[in-house]
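Each remark here refers to the structure printed beneath this line.
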Amino acid sequence: MAVVLDSYVKRCAAALEEFAGQEACGALGIRDNVRGLLGTLARIDAVVSHEERRRVLSSRVDAWVVLLKDVMYEVDDVLDVCAAEGAKILADDHPPAPKVRCAFMFSCFRYSGPQKFHHEIGFTIRDIDIRLREIEDEMPPLPAAGASPRPGARRDWFNSEMSRSCHDDVVKPRSAVGTQVQKSLGGLVPRLLREGKKKVDVFAIVGAVGIGKTTLAREIFTDERMTENFPICVWVKMSKDLSEAAFLKKIIAGAGVNAGDTENKEELLGLLSSALSKRFLIVLDDLDSPGIWDDLLKDPLGDGVARGRILVTTRDEEVAAGLKAVVHRVDKMDAENSWALLREQVFLESASEEIQALQDVGMKIAEKCEGHPLAIKVIAGVLRSRGTSKDEWQMVLKSDAWSMRPLLQQVPQALYLSYVDLPSELKECFLHSSLYPEDCPIRRFDLVRHWIAEGLVKPRENKELEESAEEYYLELIGRNLLQPDPDNLDQCWMTHDLLRSLARFLITDESILIDGQERSSMGSLSSLSKPRHLALCNMENSLEDPISVKQQMSLRSLMLFNSPNVRVIDNLLLESATCLRVLDLSNTAIEALPKSVGTLRHLRYLNLDGTQLSDLPSSVGFLVNLQTLSLEGCQRLQKLPWSISELQELRCLCLEGTSLRYVPKGVGELKHLNHLSGLIIGQDNNDPEGCDLIHLRAMSELRYLQIERLDRATSGASALANKPFLKVLHLSEQAALIEEEENEEEQENQEGAEKEEKDKHEVKSAQWIRDDSAKVSEKIWNELTPPNSVEKLVIKNYQGRKFPNWMAGPKLNTSFPALAFLDLDNCMSCTTLPALGRLKQLKSLEISNADSIVAIGSEFLGTTVISQAISFPKLEVLKLRNMKNLEDWSLSVEESQTLLPCLKSLHIQFCPKLKALPEGLKDAALCDLHVEGAHCLTEIKDLPKLSDELYLKDNRALLRISNLPALKSLTIDDCAKLKHVSGLDMLQHLRLVFPPSTETYYFEELVIFWNIAFPRWLELLIRLQANGLRRFELQCALPLLRSCLEGGKNWHVVQQIPEVRITSTDGKKYIRYNKARRIYETNAQCEEKST
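Under UniProt numbering, the first residue of the sequence shown carries the number 1, and numbering increases by one thereafter.
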């Protein structure tokens, strides 16, 4: 079921039809054979399209389906052979010699001369046609013409306006919980926080599958109150096959301790006890046996030094009883809450009238979900794809998928419907995603290229395959079948175990998943004669024959996950698996790639990221169908083979993070590349074989380009001129050596006038060298001229004294009309910034390590006195970092001019000489301001629109904070001289960090710290904010913490605040106080009395 026949037959037919019209087909003399095969496929396609939905709704697999899939895979392989051989014949003036052909053996047959090859390929196609006709006779007949289509027949999803309009928002986290979960969260968290008599308390969330247990547990696990109270938080996904050693290692690793290679239970139990040295929360998700507490956890946790909580989710009441846990039961959602969750998931921004018009049918759909939050969520994804048409919603309500016979127990019908509703190509992509282990995040970049390599992405006019694949990805997220990682939007997960179970059930007839650690597998290793996909997880040492040689011959994808110890891949495995399209060996310890990799002539995707390779065999040049070659993070990789220029179908080449000395200039011949990262320009020792800028001229399809070592370029003229589709551009030179600092350090250790004079001469020589480098750098960069399609630009280690001409002119906005993200890093010699305020689409600007900039003035804004233009009209994020000589920053404009109307976030970090924030910020509607390491800054004032957060750290001269009337949250960390804080009318959250150095300062200044009292400004602020301040956090040394104990010198201040959290500098002692709930907890009191 991994291949969806409807989609696969159409893809093969389309590819055959395209090939039939090409010269290569005529050169092979097989055009008539191909056209005959096309006719047969057209008839079969009609039947398959009709039968596909019926097959999905039935657990029965007809015999003709199995036969047809096998033949279609063979058609796909033969088509690869024909395309490559036909292209080779056309490229050669004369028939190639047999010795050359020996290097280009195919999986189907061996080459034995042009005429015999033509005969063999023609015979193979005729044989396939005959077998297809025989299968056709076994297929059910088409229904009579004019028969009405089944309910739920869908239009092309690409044309759905709703789908397209939602694509921009689907990766943003949406609430996945209903009001019932929120209510449960509000009750459970305080219970978990409350100290009991036991050292370790156990809580259990009990409920049926898909009812929301894991969702509730995850909400608790990530709740700010929990993370603050439990420094160690560990999440373990339970499994029947998880060994005791593997289970203990997961907890130990979650506590930040490396358990090494030991498998000894007693050693691991001892490690566990010592690893949990602080208050801990351990979540055991989907636990099915209570024995794990008595057998493994009870003694080491009871004997440990820290108190903690165990939270389990389970379907079985007896498990909770066996653990003697405090039980919280999760029930099905009622009708009102079901509709509320469905409405929230579907209608992101719709008008209330639209919601009202669909309420009746929507509530009926919600009712069919039977109170299952997961079911409601995936059905919401279906409805979102249908738009706000009531007829479309009625079709979902009346779908026959609601009444289909369940294929798996406990899987709600809504999940079947969500799968059935998918277009054929998306069905395949969804099923493929289930090959990833459940604890392994799925990289968006890799996933879409896997789909392309497998041929799952339909070519579309005027659109790159990668763009279409991205739309597939967004559609699956929009349908809630994939879930974006909230911490990294470039990663995703399968939304729920039930969806993974459904998908894996549907691919068991073609896929094998082996977990070496759990010693388990999905898919029969013996009965599955022709597996197409093999996923290996937690493998050790070497990869030798995980399945039989016969099974390897049919594989189309082989992927390794979580296997960092695998050092060897068996040569026989690659020689046998000649039909591979995807080979992912990333993040393993493989040191050498077998030469036999060159026999994988169908291979499209090769991922070797993070391996220990020092070079690649020249045989990779035989991978004529390869589309993606990824070598990111291969730190030992020093050279690429010259044969890389033979990879004419390559679309993506990733070289970032390697130790390459140069990149062969033949890379410039790869005209289909649309993604090229880590490109090293030039070469050491003036070797003419390295790639220079001039060799990039033919790469007109690039969308992403990252260039390094521009300082070795000889000419940049028009290198980027013909890149009309380029979106992301990284330009970098090698970082300049900081010779002056080195010389100064040496000078301190030298004696005598002669040595000092010699040092001065060396410094001058270094300055001359930098001057020459600056001139060369400016010349090269001025010639680059990036295309106006660029949306993200990164400039790093630029050595020129002036920014390139294409950044400095008055036509900056016309040069970059689409530029939204700009990062200027380590441009250490530039003394002024360009007029970046003219960039009308700029949303994010980061400037770092600009040591030569002393002042930022009106030139930065790009406006004049007579200009009415808005400076930075769309800028939302501005970051200034490590600008060690920046003293003055001015944003002064005329009253008629507008400045930074959209700025939300401003970060100023490590600008030690900056004297003041610019007055022009007073009109900016800032949400957050972060100031760190500004040692000359004395005051932060007059920011009336700053609303969410002000974060201040290590600002040594800061004396005053005033007139921030809208601010809600303030963090002050190590600002020792602060004496005045006022005008914070809306403050709700105050967090202070007093490191030992700060307290020492207060002692020296005799500011009441002799009496262990709060600073005067703090007492005054708390008194003035008595009605508004909701939460106070303090991190300090033990004497000050103890002064806040009940009855202590500062207790009269603490008890006024609704919620207080105070921790010692080392994190071991604490005070927790909640006024409304009458909670007062501490572990500092006993020690105080004992002393």
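Even glycine gets a Cβ: it sits at the ideal position worked out from N, Cα and C.
Where does residue i sit, in a helix, a strand or coil, going by DSSP?
| i | result |
| --- | --- |
| A103 | In this predicted model, A103 has a pLDDT of only 38, less than 50, meaning its place in the structure is not dependable; the value taken from the coordinates is given anyway. In this structure, A103 counts as helix in the three-state DSSP scheme. |
| G690 | strand |
| I211 | coil |
| E846 | strand |
| S777 | helix |
| residue 1117 | Absent from the structure is residue 1117, since the part of the chain shown begins at 1 and ends at 1091. |
| V566 | coil |
| P786 | coil |
| S399 | coil |
| R601 | coil |
| E859 | helix |
| E744 | Reliability fails at E744, whose pLDDT of 48 lies under 50, so the model's placement of it is uncertain and the value that follows must be treated cautiously. It is helical. |
| K535 | Looking at the sequence itself, residue 535 is Ala, so the reference to Lys does not match. Correct three-state label for A535: strand. |
| R991 | strand |
| I961 | strand |
| F445 | helix |
Is the closest heavy atom of the ligand COA to the C-beta of residue i under 8 Å?
| i | result |
| --- | --- |
| L580 | Absence of the ligand COA from the depicted structure is noted, as is the absence of any ligand whatsoever, leaving it without description. |
What span of residues does the alpha helix (DSSP H) with residue i cover, start to end?
| i | result |
| --- | --- |
| N229 | 224–229 |
| Q22 | Counting along the chain, Q22 falls outside any alpha helix (DSSP H), and DSSP gives it neither H nor E. |
| C82 | 63–91 |
| F1032 | Per DSSP, F1032 belongs to no alpha helix (DSSP H); it is in the beta strand (DSSP E), 1031–1036. |
| Y416 | 413–420 |
| residue 1100 | The first residue shown for the chain is 1 and the last is 1091, placing residue 1100 beyond what the model contains. |
| A808 | 805–808 |
| C429 | 424–433 |
Please list, in chain order, all residues of the same chain as residue i whose beta carbon is under 7 Å from its beta carbon, the five residues on each side excluded.
| i | result |
| --- | --- |
| V1053 | F1014, E1019, I1022 |
| A966 | P944, K945, L946, S947, M986 |
| K10 | D45 |
| R126 | N33 |
| V189 | I220, D223, R225, M226 |
| E428 | V3, V4, S7, L456 |
What are the start and end residues of the beta strand (DSSP E) that includes residue i?
| i | result |
| --- | --- |
| R1061 | 1059–1064 |
| G678 | 675–680 |
| H372 | Here H372 belongs to no beta strand (DSSP E), and DSSP marks it neither H nor E. |
| V202 | 200–206 |
| Y704 | 704–708 |
| G308 | 308–314 |
| N1074 | 1070–1074 |
| D295 | No beta strand (DSSP E) holds D295; DSSP gives it neither H nor E. |
| S982 | 980–982 |
Output needed for residue i: all residues of its chain with C-beta closer than 6 Å, excluding positions within five of it in sequence on either side, in chain order.
| i | result |
| --- | --- |
| E646 | G621 |
| L600 | L580 |
| V312 | A204, L284, L287 |
So residue i and residue j are in contact, right, with Cβ under 8 Å, and what is the actual spacing, rounded?
| i | j | result |
| --- | --- | --- |
| M699 | G668 | 7 Å |
| G210 | A375 | 7 Å |
| P412 | H372 | 5 Å |
| G837 | F860 | 6 Å |
| L903 | L878 | 6 Å |
| V566 | S542 | 7 Å |
| L397 | V346 | Their Cβ separation, rounded to whole angstroms, is 14 Å, which puts L397 and V346 out of contact at 8 Å. |
Excluding the 5 residues flanking residue i on each side, which residues of the same chain have their C-beta closer than 8 Å to its C-beta?
| i | result |
| --- | --- |
| A589 | P564, N565, V566, R567, T611, Q612 |
Answer yes if the stretch 444–457 comes into contact with the stretch 593–609, meaning at least three C-beta pairs across the two stretches below 8 Å, and no otherwise. The stretch 593–609 is in contact with the stretch 444–457.
Any chance the stretch 259–268 sits against the stretch 221–240, with 3 or more Cβ pairs inside 8 Å? At 8 Å Cβ cutoff, the stretches do not touch.
Three or more C-beta pairs closer than 8 Å, one from the stretch 333–340 and one from the stretch 353–372: is that the case here? Short answer: they touch.
Three-pair Cβ contact test at 8 Å for the stretch 478–497 versus the stretch 632–647: No, because fewer than three Cβ pairs between the stretch 478–497 and the stretch 632–647 fall closer than 8 Å, the two stretches do not touch.
Using 8 Å as the cut-off, can you tell me whether the stretch 460–474 makes contact with the stretch 575–585, which would need three or more C-beta pairs spanning the two stretches below that distance? In this structure the stretch 460–474 does not touch the stretch 575–585; the number of beta carbon pairs closer than 8 Å is below three.
If we count Cβ pairs, one from each stretch, closer than 8 Å, do we get three or more for the stretch 308–320 versus the stretch 280–300? Counting Cβ pairs under 8 Å, three or more are found: they touch.
Does the stretch 299–314 come within contact of the stretch 250–261, defined as at least 3 CB pairs closer than 8 Å? No contact exists between the stretch 299–314 and the stretch 250–261.
Inter-stretch contact (C-beta, 8 Å, three-pair minimum) for the stretch 669–680 and the stretch 645–660: Touching, yes.
If you pair each beta-carbon of the stretch 23–32 with each one of the stretch 59–77, do three or more pairs fall below 8 Å? With the cut-off at 8 Å, the stretch 23–32 and the stretch 59–77 do not touch.
Counting beta carbon pairs with one atom in the stretch 716–730 and one in the stretch 785–800, are three or more of them shorter than 8 Å? Verdict: yes, contact present.
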